[in-house]
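Heads up: the structure comes next, in structure tokens.
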Amino acid sequence: MGKITGFLEYERETSKEVSPRERIKNWKEFHLPLSETEQRKQGARCMDCGVPFCQSGMMMGGMVSGCPLNNLIPEWNDLVYTGNWQQAFRRLKKTNSFPEFTSRVCPAPCEAACTCGLNGSPVSVKENEHAIIEKAYKEGYAKANPPAVRTGKKVAVIGSGPAGLAAADQLNKRGHLVTVFERSDRIGGLLMYGIPNMKLEKWVIDRKVEIMKEEGVSFVTNADVGRNCKASRILRDFDRVILACGASNPRNIDVPGRDAAGIYFAVDFLKSATKSLLDSNLEDGACISARDKHVIVIGGGDTGNDCVGTSIRQGCASVLQLEMMPKPPAERTGDNTWPEWPKVLKTDYGQQEAIAVFGSDPRVYQTTVKEFIKDSEGNVTKAVLVNLASRKDPESGRTVMAPVEGSEREVQADLVLIAAGFVGCQEYVAEAFGVELGSRLTAATQADSYKTSADRVFAAGDMRRGQSLVVWAIREGREAAREVDKDLMGYTNLF
Ligand SMILES: Cc1cc2nc3c(=O)[nH]c(=O)nc-3n(C[C@H](O)[C@H](O)[C@H](O)COP(=O)(O)OP(=O)(O)OC[C@H]3O[C@@H](n4cnc5c(N)ncnc54)[C@H](O)[C@@H]3O)c2cc1C
Ligand code: SF4
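With the working numbering, letter number 327 in the sequence shown gets 609, and the count goes up by one each step, no holes.
Next comes the structure, spelled out in structure tokens:
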């Protein structure tokens, strides 16, 4: 701890944001980083607690508290304060394969668990991380570092999201020859075709993938394993396989009128927006567009928020975001104390933008769709909404959200985006390798292991744990790599 009185002397400062009205004019990231001097003061705010909750990554009350990667946060906070940027980079990379992604998209459970946050504002861990990695690129030491020795072992990674990339990066560093197979036309999984450009500009992914290529990782795109690319050939050509195919089966809304045109799953909508932006700077007209449409987003979570921000940038006429659950409290309640993840109301970037453009928060709580109404050509035109109230289910005894009779009303809807979560992985790829699925339709693995029911086949990321976070996907990819390495070599020195 370099500056003992840092947390007393300096207030928390974070990057400035471009105003909502200005940033919706483009698809760029909108955070303006602090100056180096300011960022170093933010590093000085870290108290280097004896028990650093920020790096614990433990489950508490069903949510994670602290960093799932166990990042060495107090260490590099201090190195930021003292200006030892290169050493801070080395310590950050020790546990985190992709700080360039997490420092942009992570919800920062580290900050929620920071001791400074118990009675004040937490240390700006995520932005310190961002400063370290971006300085490393600027100064040239985040460069390719290929392994000195090759083991001659070959590993196939199926899926190029953060889990697959983390596994590939670790195994390649260890000297194994790694090939990543991706069914999409671009590498990155949901980093590329899920999270919108304004949250994570896509050159950030390409920059890292280029380094991985220089280091020796091979990438094959448009390879849909189990369909146009045979699993049996992969098993023949590689010593081990890691399945990191995500959990991309969307949860549907099964109500009358669901078959109307103009109703899409959120990721299809978000993917089309990013693809068109990258392919043609939106010139090809190939995306699902919200222009001049009344948009209903079903789902009050982060994916729904991304749909709101994207619809606004496309010029929608209005946007409504439906959430089944009650509005969260503004502050922590007595049964949700620090260092648990705070279950409080968060107004994210898309919602801020909706407030700036339309004058009100797009979220409507305890509400769902009862029916979609279509015109004579089969296009959705309206949605019948209904209020929900919590009640005890007499059979299961569980609390459920049930429709309130007589609360139905119609709203205009020309575009409906379903962001109601995901129900496991797609079965065909698991079937192709003979991998059994568990009850949540995710790849089943042995206890405390990433080994599946199929010989030489491992699974990691959302495909194993269900829809989660980038930081968890990276952790799973790294842990699966460790296990594969041990399986191949009889021991492992991967961290
Ligand atoms: C819209 C959206 C926004 C999100 N925003 C955030 C956020 O801001 N912060 C955060 O932490 N998390 C966010 N998440 C969650 C996060 O993106 C995921 O938890 C994470 O990407 C999971 O990583 P993964 O590598 O396991 O899977 P994925 O990222 O889903 O990648 C799986 C890859 O496997 C490929 N694949 C599948 N089947 C095959 C096959 N048969 N052959 C070849 N390739 C195949 C897919 O095409 C895909 O590229 C978001 C999720 C969504 C849907
Ligand atoms: S990866 Fe996420 S949780 Fe971990 S230090 Fe970075 S921002 Fe915090």
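The beta-carbon is built from N, C-alpha and C at its ideal position, and this holds for glycine as well.
The model shown is predicted, which means the values in this text are computed figures rather than measured ones.
Does the beta carbon of residue i sit closer than 9 angstroms to a beta carbon anywhere in chain B?
i, result
"residue 746", "The chain inventory of the structure shown lacks chain B, comprising one protein chain alone."
Could you tell me the alpha carbon to alpha carbon distance between residue i and residue j, rounded to whole angstroms?
i, j, result
"residue 661", "residue 335", "52 angstroms"
"residue 398", "residue 310", "32 angstroms"
"residue 739", "residue 387", "30 angstroms"
"residue 654", "residue 538", "6 angstroms"
"residue 567", "residue 560", "12 angstroms"
"residue 593", "residue 503", "29 angstroms"
"residue 716", "residue 516", "13 angstroms"
"residue 683", "residue 672", "4 angstroms"
"residue 355", "residue 369", "13 angstroms"
"residue 562", "residue 352", "40 angstroms"
"residue 423", "residue 393", "27 angstroms"
"residue 329", "residue 363", "12 angstroms"
"residue 585", "residue 712", "26 angstroms"
"residue 579", "residue 621", "32 angstroms"
"residue 486", "residue 419", "11 angstroms"
"residue 297", "residue 304", "16 angstroms"
"residue 640", "residue 597", "12 angstroms"
"residue 374", "residue 410", "10 angstroms"
"residue 290", "residue 629", "28 angstroms"
"residue 749", "residue 347", "18 angstroms"
"residue 569", "residue 287", "53 angstroms"
Beta carbon of residue i, beta carbon of residue j: below 9 angstroms?
i, j, result
"residue 448", "residue 763", "yes"
"residue 701", "residue 591", "no"
"residue 589", "residue 552", "yes"
"residue 777", "residue 531", "no"
"residue 725", "residue 512", "no"
"residue 604", "residue 549", "no"
"residue 665", "residue 526", "no"
"residue 436", "residue 400", "no"
"residue 544", "residue 636", "no"
"residue 343", "residue 623", "yes"
"residue 601", "residue 651", "no"
"residue 299", "residue 320", "no"
"residue 349", "residue 753", "yes"
"residue 555", "residue 577", "no"
"residue 670", "residue 686", "yes"
"residue 465", "residue 499", "no"
Run through DSSP, which three-state label would residue i get?
i, result
"residue 398", "helix"
"residue 653", "strand"
"residue 603", "strand"
"residue 685", "strand"
"residue 694", "strand"
"residue 444", "helix"
"residue 461", "strand"
"residue 378", "coil"
"residue 474", "helix"
"residue 532", "strand"
"residue 299", "strand"
"residue 312", "coil"
"residue 276", "Any question about residue 276 goes unanswered here, given that the chain covers just 283 to 777."
"residue 340", "strand"
"residue 771", "helix"
"residue 289", "helix"
"residue 745", "helix"
"residue 725", "strand"
"residue 347", "strand"
"residue 719", "strand"
"residue 392", "helix"
"residue 511", "strand"
"residue 558", "helix"
"residue 355", "helix"
"residue 580", "strand"
DSSP beta-bridge partners for residue i?
i, result
"residue 522", "437"
"residue 493", "DSSP, once it has assigned bridges, lists no residue as partnering residue 493."
"residue 546", "699"
"residue 669", "649"
"residue 733", "740"
Inset, instruction - Kindly confirm or deny that the segment 650-667 and the segment 615-632 touch, where touching means at least three C-beta pairs closer than 8 angstroms. - result: no
Inset, instruction - Would you be able to state if there are at least three C-beta pairs under 8 angstroms between the segment 399-419 and the segment 371-380? - result: Short answer: they touch.
Legend entry - contact_flag[the segment 741-748, the segment 700-714] where n(CB pairs < 8 angstroms) is 3 or more: yes
Inset, instruction - May I ask you to verify whether the segment 490-504 touches the segment 427-443, counting CB pairs closer than 8 angstroms and requiring at least 3? - result: yes
Inset, instruction - Report yes or no: do three or more beta-carbon pairs, one from the segment 401-409 and one from the segment 765-773, lie closer than 8 angstroms? - result: The answer is no - the segment 765-773 does not touch the segment 401-409, with fewer than three Cβ pairs under 8 angstroms.
Inset, instruction - Flag this pair as touching only if the segment 451-458 and the segment 428-437 have three or more C-beta atom pairs under 8 angstroms; answer yes or no. - result: Judged by Cβ distances under 8 angstroms, the segment 451-458 makes contact with the segment 428-437, as three or more pairs qualify.
Inset, instruction - Report yes or no: do the segment 512-525 and the segment 472-484 share at least 3 C-beta pairs separated by less than 8 angstroms? - result: no
Inset, instruction - Decide if the segment 320-334 is in contact with the segment 348-368; the criterion is three or more beta carbon pairs, one per stretch, under 8 angstroms apart. - result: Yes, they touch.
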